[in-house]
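Single-structure report; data block below.
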Amino acid sequence: MPHVRLREYKRPSRDYELEYVEVIHRHHKRTPYQSNTFPVESYPWNCDDQGLYFYGQPIKGRQSANAYWKGYQNPINPYEVSGFKGTCAFPQISKEGLDDSWQHGRDLYRVYHDLLRLIPRRLDLDRVSFRVTTNVITSQVAGMLINGMYGISGNVPLNVESSSIDSLEPSYSCPRASNLFSEAKSQPNTTWAAHLSRTKELFSSLDSVSGVSPSDSGWHASFDHYFDNLSARLCHAKPLPCSIEDPTKCISMSQAETVFRLGQFEYSYIYRDAPSSLAASAASQGVWIAELAQHLRDQIAGHDGKMRYRHNIAHDGSVSRVLSIMQLDQMVWPGMGAEIIFELYSRKPKHGWGNRKRQHFVRVLFGGQVMRSSNPDLGELDMIPASKLIDYFDGLVGEKAKLVPDLCQK
298 MPHVRLREYK RPSRDYELEY VEVIHRHHKR TPYQSNTFPV ESYPWNCDDQ
348 GLYFYGQPIK GRQSANAYWK GYQNPINPYE VSGFKGTCAF PQISKEGLDD
398 SWQHGRDLYR VYHDLLRLIP RRLDLDRVSF RVTTNVITSQ VAGMLINGMY
448 GISGNVPLNV ESSSIDSLEP SYSCPRASNL FSEAKSQPNT TWAAHLSRTK
498 ELFSSLDSVS GVSPSDSGWH ASFDHYFDNL SARLCHAKPL PCSIEDPTKC
548 ISMSQAETVF RLGQFEYSYI YRDAPSSLAA SAASQGVWIA ELAQHLRDQI
598 AGHDGKMRYR HNIAHDGSVS RVLSIMQLDQ MVWPGMGAEI IFELYSRKPK
648 HGWGNRKRQH FVRVLFGGQV MRSSNPDLGE LDMIPASKLI DYFDGLVGEK
698 AKLVPDLCQK
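Take 298 as the starting number for the sequence shown in the numbering used here and just add one per residue.
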């Protein structure tokens with residue numbers, strides 16, 4: 298998806314001074330998740346043009362070999378994996394996704410260093426930090442993105458929280474949010490129920506090609522599985538699938554486009570249109586939102602040290618929840634690399650203001666453009682008072698997330 302780039306970036310009036318930036322974006326192109334592959338795929342998927350580097354190394358001491366995983370097809374093993382054969386992991390960031398990650402980093406550097414001089418010329422971890430989830434695909438993106446920004450291949454720490462309480466993915470326990478998301482898709486007499494009823498014929502046609510059992514509830518509760526499978530192929534210029542039993546029976550481009558359109562509807566319903574969407578998103582992503590609010594608060598108060606830029610690499614579920622909380626006016630399924638940027642500005646007092654302090658404002662960008670919220674208190678998120686956005690976040694999740702435990706249990 299589009300992201301901040303120098304040639305489209307709209308620089309605010311020079312009355313405003315950029316003080317801090319926080320980025321959250323979805324990882325880049327990847328192979329599909331194993332659970333989203335067909336029982337038997339009609340062609341292999343190989344990833345011999347890259348390496349997934351997994352090794353430990355003392356911070357001080359002996360150096361490690363740059364060991365990476367190489368997919369291996371065992372000719373002796375009588376057991377076969379379902380889905381795609383080949384040397385890829387499912388998922389992993391593809392070569393194309395790694396290249397996109399590098400370019401994303403380069404584009405951000407050109408804006409926030411070359412144009413705005415916010416981040417340093419050389420990587421300074423007192424001023425710039427990176428965070429990932431425990432899903433390794435976010436770290437695969439991070440390495441390339443950092444090299445795109447700073448051209449380095451040395452050691453760079455990636456902040457990562459325990460998988461049981463991670464606020465970025467998010468993965469902390471939040472039963473109420475899980476129930477609200479589930480109920481939104483299970484209630485009768487809703488647009489969601491009508492949508493599934495109207496698409497039974499499409500599901501049947503897709504199943505006849507994929508070999509997925511019509512009784513597999515995971516594949517038929519939504520179009521998420523088919524969306525991931527088909528979009529991953531097309532993102533990597535691979536052909537749409539044909540039936541193993543009848544190679545003349547294939548999923549058409551028209552059917553794939555219908556799946557993508559329905560997927561957009563589903564994400565809009567889950568994260569914006571369902572009456573419970575805001576409550577579910579605020580509870581499940583609320584800790585990260587409280588962290589963002591605290592970063593803004595600390596920056597304004599001068600309590601954030603030298604930090605000027607935080608970068609969070611996450612997933613579509615993370616980004617969707619943030620968009621839900623921001624009440625994006627037209628919800629979309631966040632594509633690969635989809636990016637939200639929070640920019641904190643200050644404005645010098647005008648003449649005659651005496652000793653009044655600098656005022657602080659926030660601009661929020663989605664896809665490189667100013668975000669518009671359907672919340673009347675937010676509206677166009679272009680230089681709104683920082684206090685207004687912080688108060689909005691605090692009202693939803695509490696300062697330092699103090700409301701979230703109760704929101705997750707009620």
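Beta carbons: idealized from backbone N, C-alpha and C, even for Gly. Values in this document were obtained by computation on a predicted structure and should not be read as measured data.
In whole angstroms, give me the CA-to-CA distance for residue i and residue j.
{"i": "ASN333", "j": "ARG644", "result": "49 angstroms"}
{"i": "LEU675", "j": "TYR469", "result": "28 angstroms"}
{"i": "VAL701", "j": "MET633", "result": "29 angstroms"}
{"i": "LYS654", "j": "LEU625", "result": "31 angstroms"}
{"i": "ASP543", "j": "GLY508", "result": "11 angstroms"}
{"i": "HIS517", "j": "THR487", "result": "17 angstroms"}
{"i": "PRO631", "j": "HIS608", "result": "17 angstroms"}
{"i": "GLN596", "j": "MET604", "result": "8 angstroms"}
{"i": "PHE351", "j": "ASN363", "result": "8 angstroms"}
{"i": "GLN666", "j": "VAL301", "result": "8 angstroms"}
{"i": "ILE548", "j": "PHE500", "result": "11 angstroms"}
{"i": "ARG473", "j": "GLY448", "result": "44 angstroms"}
{"i": "CYS344", "j": "TYR330", "result": "15 angstroms"}
{"i": "LYS382", "j": "TRP342", "result": "6 angstroms"}
{"i": "ARG530", "j": "PRO388", "result": "13 angstroms"}
Answer with buried or exposed for residue i, where buried requires no fewer than 16 other C-beta atoms within 10 angstroms of its C-beta.
{"i": "MET550", "result": "exposed"}
{"i": "TYR564", "result": "buried"}
{"i": "GLY515", "result": "exposed"}
{"i": "THR435", "result": "buried"}
{"i": "PHE353", "result": "The displayed chain sequence assigns Gly, not Phe, to residue 353. Exposed."}
{"i": "TYR340", "result": "exposed"}
{"i": "PRO682", "result": "exposed"}
{"i": "GLU554", "result": "exposed"}
{"i": "VAL425", "result": "buried"}
Let me check one thing: in DSSP terms, what residues is residue i bridge-paired to?
{"i": "ARG327", "result": "ILE390"}
{"i": "ILE681", "result": "VAL659"}
{"i": "HIS612", "result": "Beta-bridge pairing links HIS612 to no other residue."}
{"i": "TRP366", "result": "LEU349"}
{"i": "HIS322", "result": "ILE610 and GLU636"}
{"i": "ASN456", "result": "ARG428"}
{"i": "LEU641", "result": "TYR317 and VAL659"}
{"i": "ARG669", "result": "GLU677"}
What do you reckon, are the CB atoms on residue i and residue j nearer than 9 angstroms?
{"i": "GLY614", "j": "VAL694", "result": "no"}
{"i": "SER573", "j": "GLU480", "result": "yes"}
{"i": "GLU319", "j": "TYR606", "result": "yes"}
{"i": "VAL619", "j": "ILE321", "result": "yes"}
{"i": "MET441", "j": "LEU395", "result": "yes"}
{"i": "CYS705", "j": "SER581", "result": "yes"}
{"i": "VAL337", "j": "GLY380", "result": "yes"}
{"i": "LEU405", "j": "VAL429", "result": "no"}
{"i": "VAL506", "j": "LYS546", "result": "yes"}
{"i": "ARG566", "j": "TYR313", "result": "In the sequence under discussion, the amino acid at residue 566 is Tyr, which differs from the Arg named in the question. It is not a contact, given that the beta carbons lie outside the stated cut-off."}
(request) Could you name each continuous alpha helix (DSSP H) segment of 4 residues or more that falls completely within the stretch 507–538, going from the start of the chain to the end? (result) 514–517 and 521–532, all fully within the stretch 507–538.
(message) Give the list of continuous alpha helix (DSSP H) stretches no shorter than 4 residues that lie fully inside the stretch 377–422.
(response) For the stretch 377–422, whole alpha helix (DSSP H) runs of length 4 or above, ordered along the chain, are 392–406.
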